[in-house]
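Accompanying notes for the structure given below.
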Amino acid sequence: MKIFQHVQDIGDLRVALAEAQEVKRDRYQWQHLGKNKTALLIFFNNSLRTRLSTQKAAMNLGMNVIVLDVNQGAWKLETERGVIMDGDKSEHLLEAIPVMGSYCDVIGVRSFARFENRKDDYEEKILNQFIKYSGRPVFFMESATVHPLQAFADLITIEEHKRSARPKVVMTWAPHPKSLPQAVPNSFAEWMLAADVDFVITHPEGYELDPQFVKGARVEYDQMKAFEGADFVYAKNWSCPGVTRPEDYGKVLHDYHTMMDWCVSARQMAITNDAAFLHCLPVRRNMIVTDDVIESPRSLVIPEAANREISAQVVLKRMLEAL
Ligand code: CP
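Under my numbering, residues 245 to 567 are what the sequence shown spells out, in order.
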């Protein structure tokens with residue numbers, strides 16, 4: 245594997261899920277693969293789970309790991325070509341990327357949507373420069389549009405906890421005070437549509453996700469109707485993707501105080517098929533989900549986060565095998 249961005253990059257999902265279980269049985273059995281190999285993890289944005297789980301996965305494989313927080317200690321980076329660099333940015337990404345590539349064997353990058361320009365975000369301007377100029381395999385640790393390590397971990401969790409062959413999985417928008425990217429819901433939709441599940445998306449009008457990720461998905465604007473008979477509820481906020489009104493890209497369309505009935509509570513969970521609750525974390529309690537739901541025995545947020553180590557290890561293992 246040279247790039248990990250989309251669900252297609254992992255190949256057959258049944259094979260990938262079986263490999264995840266093989267990793268769980270003994271995560272230290274491939275230490276020889278990572279000997280004298282270095283993973284460089286580059287963060288343009290904050291992280292708890294991605295940072296720790298990916299570092300742990302690399303160490304499980306016997307790799308050395310370097311973590312760089314670009315905005316804390318590195319030179320401030322210019323990303324645009326043609327700019328006269330007389331401001332506060334001392335180094336250009338076009339030099340920084342090949343230099344970083346020269347110190348490692350694989351690169352993971354986290355760079356969120358900037359919300360300055362929808363086209364730049366949706367063309368993955370930053371990550372594509374890493375693919376083009378690093379000379380190394382690149383895996384996405386949440387980019388402007390996707391978070392595949394999260395979606396793979398979500399799928400592993402659903403597979404482990406499903407009670408029927410083809411469970412109903414509902415992804416619901418939930419309120420949030422800030423403008424959040426669409427990377428998590430985009431990837432979750434992409435992976436669920438490729439998996440053997442009955443997938444439904446529910447959100448208020450105006451939050452339609454980009455068709456490249458949700459084409460073929462059922463969208464139900466009535467949240468209660470969507471929740472009926474659900475086996476899994478996946479909650480997430482996202483800002484306006486700007487599909488129908490590009491001028492609204494990245495905006496929060498409603499005052500969140502008026503949207504609090506979208507917060508996942510016992511009211512909605514009562515009409516599900518005793519659904520399990522999922523969220524990628526970090527989560528704002530009593531905005532996205534109530535205390536009682538996230539603390540209930542049906543909440544899987546902790547095993548879901550633990551599976552981030554497993555999804556990262558499968559991806560790193562595949563990259564090491566292809567070096
Ligand atoms: N879910 C997730 O990616 O968590 P972090 O932002 O803490 O890495």
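Where a beta carbon is used, it is the ideal one built from N, C-alpha and C, also for glycine. Because the structure is a prediction, the values reported are computed rather than measured.
Check                                                                                                     : Outcome
Separation of K279 from T534, as counted between CA atoms                                                 : 45 Å
Closest by C-alpha distance to T416, when choosing among T389, P448, S378 and D442                        : P448
Extent of the continuous beta strand (DSSP E) run through D568                                            : Outside the modelled stretch of the chain, which goes from 245 to 567, sits residue 568, for which no answer is possible.
A283 versus A409 - alpha carbon distance                                                                  : 37 Å
Proximity of T401 and P547 at Cβ, strictly below 8 Å                                                      : yes
Validate contact between the segment 336-351 and the segment 374-386 using beta carbons, cut 8 Å, 3 pairs : yes
Segment contact, 8 Å Cβ cut-off, at least three pairs: the segment 327-334 with the segment 382-401       : no
Option in E539, V463 and Y451 with minimal Cα separation from I437                                        : According to the sequence shown, residue 437 is Leu rather than Ile. Considering only alpha carbons, the answer is V463.
CA-to-CA distance, R542 to A433, given in whole angstroms                                                 : 22 Å
Span of the beta strand (DSSP E), counted from its first residue to its last, around T282                 : T282 to F287
Cβ pair count under 8 Å reaching 3, the segment 478-488 against the segment 416-430                       : yes
Contact between the segment 547-561 and the segment 251-270 (3+ Cβ pairs under 8 Å)                       : yes
Where D442 falls: helix, strand or coil (DSSP)                                                            : strand
For R618, three-class secondary structure by DSSP                                                         : As displayed, the chain neither begins before 245 nor continues past 567, which places residue 618 out of reach and without an answer.
DSSP bridge partner residues for G352 (one or two, in chain order)                                        : L285 and F383
Minimum length 3: unbroken beta strand (DSSP E) runs contained in the segment 489-528                     : 520-522
Reference D349; option with closest CA among K320, F356 and M245                                          : M245
Those residues which DSSP pairs with F476 across a bridge                                                 : V413 and A520
Contact set for E553: own chain, Cβ-Cβ below 7 Å, skip 5 residues either direction                        : S297, K300 and A301
C-beta neighbour in chain D for W319, strict 8 Å                                                          : Protein chain content of the structure displayed is limited to a single chain, and chain D is not contained in it.
Where E386 falls, given that 16 or more other Cβ within 10 Å makes a residue buried                       : buried
Where L277 falls: helix, strand or coil (DSSP)                                                            : helix
Residue of I310, D330 and N315 minimising C-alpha distance to G633                                        : With the chain covering only 245 through 567, there is no way to say anything about residue 633.
Alpha-carbon spacing of H276 relative to M303, whole angstroms                                            : 11 Å
Three-state secondary structure assigned by DSSP to S568                                                  : Lying before the first or after the last residue shown, residue 568 is absent from the chain, which here runs from 245 to 567.
Contact check, A474 vs A519, beta carbons under 8 Å                                                       : yes
Proximity test, D491 beta-carbon vs ligand 1 heavy atom, cut-off 7 Å                                      : Position check: residue 491 holds Glu in this sequence, whereas Asp was assumed. False, no ligand heavy atom lies under 7 Å from that Cβ.
Expected contact under 8 Å - CB spacing of V545 and T516 to nearest Å                                     : Contact flag wrong, Cβ pair sits at about 16 Å.
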